[in-house]
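Residue numbers (the working numbering), protein chains in the order written: chain A, 1 to 495; chain B, 496 to 590. Structure, as structure tokens:
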């Protein structure tokens, strides 16, 4: 029999409404699973009392027949979301001890929909990383292993704790955020589903900012149906975020017909990279065949500026980060360095930031400072923003040709070992986002769906990219892909 | 474009991050690797292309110019490393 924590959102919701279980039972099953999985280091701040309190409230609402969409469903929240009275550190030492006086809009929307927060999830510091190895809490560990080899693997990043927790059934689903691939890459590394919606779908208010023009929140779930349910609960217009879209939110779950007959799926030739493993190419070809079998028309397309997406991202994201992270100065919240006799305010800033930020965050803040500094602003920052215009135009031209969605690999490899990239230069790690970063630059929705395993038994995923605001159609195509691929593998429990 | 140690030190200063002198050569090396990667952007013809300001074509919303909240001094100071008498406290800034 399926344990309660192994259910997805849809299954648990239906069981709750049929009176087969209670939110309390679901929540307790998750809390037990969490306590047994400390070695995965996914949950870094546990909130069992709060969870049981919310579960009791949810059970009352269910009994009263007044249950909103996610009533009683236990989930995890990435540490990047500010949660009132609960530690929210963005995986950084500089926010040690910070207890927000407010709740992020997305986590509030989820609470309003009845969801039960189990605690906060590990992540790369300030969401800067692709392996969860830059976290102040230490590495999150992937529940998947290479067969019988016990080498610890990365769950991906930056939403590594979210991905590990969902894959290991510690919660039914989790929130993630995605600036260059931080939902989709960890989803692909853990055999889970992750969608980054169109820029503006989810409010960014109360989410610790990394690169404001790229950041979007999204759900990380066990199935496409669950992603539809949770995305709908997360998004919506918010007057507190001026970039939040004032558009109606469709019923994403009702749109999961899976009918893609006659839909045009684009296959971009630029995503066929030199040195791409044969397994990734084979996975992609299988996905193409599945879409074709389901009645879609497969069209070869070109996105000529793809090659320049990562370099543009590594100007724009650090530039915005250097500005956003200027607020961590040891004055208003978080860590302040101990000062020596005679130290003034400049020493306070410099020592606080040197102690509070880890090496990758320091590197990106300084790169951002450099590309924005006098004499380099035009050559780097403005040029990158021009290239971004061209990258977006590539997608617009393809959509104008009638393409409904684009199918690509989600990542250039399966999960790698923790520590395996330590000696590589920073750019080698950045290449993890090669298939996902274009989507952030163009503000489009993208979803990663698990469709197979590699020769080591590790999950691999494909990415579908949709037109702006077409999450409903995108999720329907993703559901079709999920049904065709029939991916059901789960990691063996070794922890 | 190559970054030397003195440029690295200047950037660290601008970013208000203390970097010990012995760490500067490695830092300059990392900057050069990343900037070398970014240099590819120079290949792109961007003549006549506007720099992107907003990824979604939208006009930023405006709100009525009126007080929305306030009187939250205690909440605002609750996370401060050093707050005294209703203010944030910092080392002396004026001699």
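A virtual CB, placed ideally from N, CA and C, is assigned to each residue, including glycine.
Under the assumption that residue i contacts residue j (Cβ atoms under 8 Å), give the Cβ distance between them as a whole number of angstroms.
| i | j | result |
| --- | --- | --- |
| residue 196 of chain A | residue 446 of chain A | 5 Å |
| residue 316 of chain A | residue 406 of chain A | Incorrect: roughly 22 Å between the Cβ atoms, too far for contact. |
| residue 84 of chain A | residue 177 of chain A | With a Cβ gap of about 18 Å, residue 84 of chain A and residue 177 of chain A do not count as contacting. |
| residue 334 of chain A | residue 94 of chain A | 5 Å |
| residue 39 of chain A | residue 532 of chain B | About 36 Å separates the two Cβ atoms, so there is no contact after all. |
| residue 118 of chain A | residue 34 of chain A | 6 Å |
| residue 128 of chain A | residue 510 of chain B | Contact doesn't hold; Cβ gap of about 14 Å is too wide. |
| residue 418 of chain A | residue 139 of chain A | 5 Å |
| residue 574 of chain B | residue 99 of chain A | 7 Å |
| residue 559 of chain A | residue 86 of chain A | Because chain A spans 1 through 495 in this model, residue 559 of chain A falls outside it and cannot be assessed. |
| residue 471 of chain A | residue 126 of chain A | Not confirmed; about 26 Å, so no contact. |
| residue 29 of chain A | residue 62 of chain A | About 17 Å separates the two Cβ atoms, so there is no contact after all. |
Where DSSP assigns a beta bridge to residue i, which residues make up the other side?
| i | result |
| --- | --- |
| residue 43 of chain A | A:121 |
| residue 265 of chain A | A:298, A:405 |
| residue 86 of chain A | A:83 |
| residue 207 of chain A | A:81 |
Grab the span of the alpha helix (DSSP H) containing residue i for me, first residue to last.
| i | result |
| --- | --- |
| residue 35 of chain A | 23 to 36 |
| residue 509 of chain B | 500 to 509 |
| residue 216 of chain A | Per DSSP, residue 216 of chain A belongs to no alpha helix (DSSP H); it is in the beta strand (DSSP E), 216 to 221. |
| residue 398 of chain A | 383 to 400 |
| residue 469 of chain A | Counting along the chain, residue 469 of chain A falls outside any alpha helix (DSSP H), and DSSP gives it neither H nor E. |
| residue 362 of chain A | 359 to 372 |
| residue 351 of chain A | 345 to 356 |
| residue 493 of chain A | Careful: residue 493 of chain A lies outside any alpha helix (DSSP H) and carries neither H nor E. |
| residue 292 of chain A | 278 to 293 |
| residue 437 of chain A | 437 to 442 |
| residue 17 of chain A | 9 to 17 |
| residue 224 of chain A | 224 to 234 |
| residue 48 of chain A | 48 to 63 |
| residue 318 of chain A | 309 to 324 |
| residue 513 of chain B | Segment: none, residue 513 of chain B is in no alpha helix (DSSP H) and carries neither H nor E. |
| residue 112 of chain A | 105 to 112 |
| residue 570 of chain B | 568 to 572 |
| residue 546 of chain B | It is not in any alpha helix (DSSP H) - residue 546 of chain B carries neither H nor E in the DSSP assignment. |
Using only CA atoms, which one of the options lies nearest to residue i?
| i | options | result |
| --- | --- | --- |
| residue 102 of chain A | A:230, A:240, A:225 | A:240 |
| residue 193 of chain A | A:426, A:45, A:9 | A:9 |
| residue 495 of chain A | A:48, A:61, A:63, A:150 | A:150 |
| residue 59 of chain A | A:37, A:82, A:97, A:13 | A:13 |
| residue 41 of chain A | A:98, A:135, A:455, A:18 | A:135 |
| residue 74 of chain A | A:81, A:146, A:115 | A:115 |
| residue 444 of chain A | A:397, A:469, A:378 | A:469 |
| residue 245 of chain A | A:222, A:198, A:220 | A:198 |
| residue 221 of chain A | A:463, A:436, A:7 | A:7 |
| residue 349 of chain A | A:337, A:27, A:461 | A:337 |
| residue 242 of chain A | B:514, B:556, B:522, B:498 | B:556 |
| residue 377 of chain A | A:431, A:319, A:364, A:412 | A:319 |
| residue 497 of chain B | B:550, B:514, B:522 | B:522 |
| residue 209 of chain A | A:130, A:328, A:99, A:264 | A:328 |
| residue 159 of chain A | A:400, A:144, A:271, A:81 | A:81 |
| residue 513 of chain B | A:22, A:345, A:250 | A:345 |
| residue 551 of chain B | A:112, A:247, A:449 | A:247 |
| residue 167 of chain A | A:299, A:374, A:187, A:373 | A:187 |
| residue 382 of chain A | B:566, B:589, B:542, B:560 | B:542 |
| residue 587 of chain B | A:271, A:342, A:386, A:403 | A:342 |
Between residue i and the rest of its own chain, which residues show a CB-CB distance below 6 Å, the 5 nearest in sequence each way excluded?
| i | result |
| --- | --- |
| residue 323 of chain A | none |
| residue 415 of chain A | 142, 153, 154, 189, 458 |
| residue 479 of chain A | 224, 256, 258 |
| residue 384 of chain A | 312, 315, 316 |
| residue 355 of chain A | 337 |
| residue 399 of chain A | 467 |
| residue 161 of chain A | 42, 121, 122, 123, 140 |
| residue 15 of chain A | 21 |
| residue 450 of chain A | 191, 459, 461, 487 |
Return the chain-ordered list of same chain residues with a C-beta closer than 7 Å to the C-beta of residue i, the five sequence neighbours on each side being excluded.
| i | result |
| --- | --- |
| residue 390 of chain A | 305 |
| residue 394 of chain A | 303, 304, 305 |
| residue 489 of chain A | 191, 453, 459 |
| residue 290 of chain A | 481, 484, 485 |
| residue 165 of chain A | 42, 43, 76, 121, 171, 174 |
| residue 675 of chain B | The shown model of chain B, from 496 to 590, leaves out residue 675 of chain B, and the question about it has no answer. |
| residue 584 of chain B | 577, 578 |
Counting only the same chain and skipping the five closest in sequence on each side, list residues whose C-beta sits under 8 Å from that of residue i.
| i | result |
| --- | --- |
| residue 441 of chain A | 214, 309, 312, 313, 316, 388, 391, 392 |
| residue 262 of chain A | 295, 296, 297 |
Would you mind reading off the limits of the beta strand (DSSP E) that contains residue i?
| i | result |
| --- | --- |
| residue 74 of chain A | 74 to 78 |
| residue 177 of chain A | 173 to 178 |
| residue 194 of chain A | 193 to 196 |
| residue 461 of chain A | 459 to 466 |
| residue 451 of chain A | 446 to 453 |
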